[in-house]
Amino acid sequence: MYIPHLSKYIILSVLCLLVACNSANKQGDSLSQSDGFISDTIVEAKGFSIKHNKDKTTRINIINPWDTSKNLREYTLKGNSNEYNNENGIISTPLKRVIVYSSVHANIIKELGHLSTIIGVCDPQYFTIQEITDGVKNGTITNIGSSASPSIEHIIALSPDAIIVSPYQDSQYNDIEKLGIPIIECADYMETSPLGRAEWIKLFGELFGERTKSDSIYNNVVTEYNRLKQLTDNISDHPTILSENIINGTWFVPGGDSYMAQLFVDAGGSYAWSDTHTSGSIPLDMAQVLDKAHDADVWLIKSFDASLSYSKLKSQNTLNAEFKAFKDKNIYYCNTERTTLFNDFPFHPEMLLKEFIAIFHPDLLPDYETRYYKPLSND
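With the working numbering applied, the sequence shown corresponds to residues 160 to 538, in that order.
Following this line, the structure appears as C-alpha cells:
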C-alpha cells in the first residue's frame, strides 16, 4: 500500500528536478546571450570567429591552430577608441597605420583599398607589391628588419595602430608586447581548406572598416572556385601529383590535410600524400619521396631560382632524373621572385585552382594560359 504513495513522491521529485534543470538551462542561455553579441557567419574558416554587438562593437577570437581548445588572441574592435592595452585587447578601428610582416596580408589590405595604411614592413625583399618595394626604396615605408628580430626603435618611432604578423607555434613578441601595440596574429596559413583560408579576408574587413566589401570579395571567390571545381567532377583520369623539391637535404611536401593538397584534388589530381593527416608540411628525405612518388605524372616546383632547368635539377641531385615526371618532361616551375603567386592564391584560391586544372587537364581549359607555372626549361 505504500508503494503507490512512495511513487507519487518519486514522480513529484523527478518533475521538480526537470523543471529546475529547464530553468537552469534557460538561465544559462540567457547568460550566454546577455552580452548582446551575435556570431557572424563563418562558413569555411576554422581559425577565427567574429561577433557583433548592437553598439557596433566587434569581438574577434583567433583560435590557436596548435591547440584548438585555446584562443591565440582575443580582440574587441571599437570605432575610434583609444582604450587599447595588452590586458583588455581593445583595438581602435578602422586601422590607419599598420606594420605588416607578410606580403600576403599586405596584398589583401591593398585589395580592400587601404594600402596607404602600411607604414612599415618586415623582410621587404620578399614583397612583390610594387607600391611596397617603391615605398621602401624612397623611404615612405620603413624597413623594420627581419620578422624574427624586428627593430624596436623603428616600431616606436612609427607608433602604429597595430602590427599584423604570421605566427608560428609558440611565437614570442616579448619586447613588442611591452610597447602596448596591438599584435594581430593571422594564422590563416594553418587552415585546412582553400576557401577556409580565403575567408580570413572577413577579418581584414573588420579591421579596416570594409565588412561589406570583404564579404562581397569572398562570395565571388566561392562562386568562381565552385564553378571551376565542377569541371573536374566527372573526370576519370586523375594524374598523380608531386610537389616541391629537396632543399639542403630535406624535401617538404604539403600534408594531406593542407589546403594545397585540397587544391590538387579539387583540380582533378591524385596527391601522393593524401593519406597523411597534417595541415602543415612534412619533412622527408630523397629516398622517402622517391619511394612514394617516383611514378608521379606531374611535378610542381616553386623556387626563387630563375635559372632552374632539367639539367640544373639533375646536377643538384642525380636522383631527380629518376622521377617519371622528369623523364616525361612534365615538370612545371613557378619562379616566386617574378610572379605574384604568394600574394594572390591565399585569398584567391580560385586563381591557383584554375592554374592546376589547366596543367592537369588542359582539355578542360583549352584557352587558358598559365600565369604562375610554366613548363620547366630544357636548357
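Don't be surprised by glycine CBs; every beta carbon is placed ideally from N, CA and C. Computed from a prediction, not measured in an experiment: that's the story for all the values here.
Query: Sorted by chain position, which residues of the same chain lie with C-beta nearer than 8 Å to residue 512's C-beta, five sequence neighbours on each side aside?; Result: 353, 384, 387, 388, 422, 425 and 426
Query: Nearest by alpha-carbon distance to residue 506: which of 377, 470, 277 and 333 is it?; Result: 377
Query: Which of the three DSSP states, helix, strand or coil, is assigned to residue 457?; Result: strand
Query: Please state whether DSSP places residue 202 in a helix, a strand or coil.; Result: coil
Query: For residue 273, does the count of other Cβ atoms within 10 angstroms reach 16, so buried, or fall short, so exposed?; Result: buried
Query: Where residue 211 and residue 305 are concerned, what is the direct C-alpha to C-alpha distance, given to the nearest angstrom?; Result: 35 Å
Query: Taking its Cβ as the centre, do 16 or more other Cβ atoms sit within 10 Å of residue 229, making it buried, or is it exposed?; Result: exposed
Query: Rounding to the nearest angstrom, what Cα-Cα distance links residue 321 and residue 363 in this structure?; Result: 12 Å
Query: Between the C-alpha atoms of residue 531 and residue 524, what's the straight-line distance to the nearest angstrom?; Result: 15 Å
Query: Beta strand (DSSP E) containing residue 207: first to last residue?; Result: 207-211
Query: Can the beta-carbon of residue 216 be found less than 8 Å from the beta-carbon of residue 236?; Result: yes
Query: So is residue 521 buried or exposed if we call it buried at 16+ other beta carbons inside 10 Å?; Result: exposed
Query: Excluding five sequence neighbours on each side, which residues of the same chain lie with their C-beta closer than 7 Å to the C-beta of residue 390?; Result: 516 and 523
Query: Closer than 8 Å by C-beta to residue 439: which residues in its own chain qualify, once you throw out the five before and the five after it? Chain order, please.; Result: 349, 414 and 417
Query: Using DSSP with H/G/I as helix, E/B as strand and the rest coil, what is residue 442?; Result: strand
Query: Do residue 429 and residue 397 have their C-beta atoms within less than 8 Å of each other?; Result: yes
Query: With contact counted as at least three CB pairs below 8 Å, one residue from each stretch, are the segment 365-375 and the segment 246-255 in contact?; Result: yes
Query: Can you tell me which of the three DSSP states residue 431 falls into?; Result: coil
Query: Here's the rule: buried if 16 or more other CB atoms are within 10 angstroms of the residue's CB, otherwise exposed. What is residue 312?; Result: exposed
Query: If you run the structure through DSSP and keep just helix, strand and coil, what is residue 155?; Result: Not covered by the structure: residue 155. The range shown for the chain is 160 to 538.
Query: Ignoring anything shorter than 3 residues, give me the beta strand (DSSP E) runs that lie fully in the segment 332-398, in order along the chain.; Result: 342-344
Query: In chain order, what residues of the same chain have a beta carbon less than 7 Å from the beta carbon of residue 484, not counting five sequence neighbours either side?; Result: 401, 455, 456, 457, 458 and 490
Query: Specify, as a first and last residue, the run of the beta strand (DSSP E) that residue 309 falls within.; Result: Unbroken run through residue 309: none, as it is neither H nor E.
Query: Residue 272 by DSSP, collapsed to three states: which one?; Result: coil
Query: Return the CA-CA distance between residue 308 and residue 280, expressed in angstroms with no decimal places.; Result: 12 Å
Query: Just the C-alpha distance for residue 538 and residue 467, rounded to the nearest angstrom, thanks.; Result: 9 Å
Query: Going by C-alpha distance, which of 205, 536 and 478 is nearest residue 221?; Result: 205
Query: Figure out for me which residue from 361, 357 and 234 has the closest Cα to the Cα of residue 380.; Result: 357
Query: Leaving out five residues before and five after residue 248 in sequence, what residues of the same chain have Cβ atoms less than 8 Å from its Cβ?; Result: 232, 233, 234, 235 and 341
Query: Can you tell which of 226, 296 and 300 has its C-alpha closest to the C-alpha of residue 259?; Result: 300
Query: Quick check: the Cα distance between residue 297 and residue 448, rounded to an integer number of angstroms?; Result: 45 Å
Query: Closest to residue 536 by C-alpha separation, out of 213, 508, 465 and 518, would be which residue?; Result: 465
Query: Identify every run of the alpha helix (DSSP H) within the segment 453-500, keeping only runs that are complete inside it and at least 4 residues long; order them along the chain.; Result: 469-475 and 483-486
Query: Considering only the beta carbon of each residue, do residue 407 and residue 460 sit closer than 8 Å?; Result: no
Query: Among residues of its own chain, excluding the 5 on either side of residue 481, which ones have a beta-carbon nearer than 7 Å to its beta-carbon?; Result: 449 and 453
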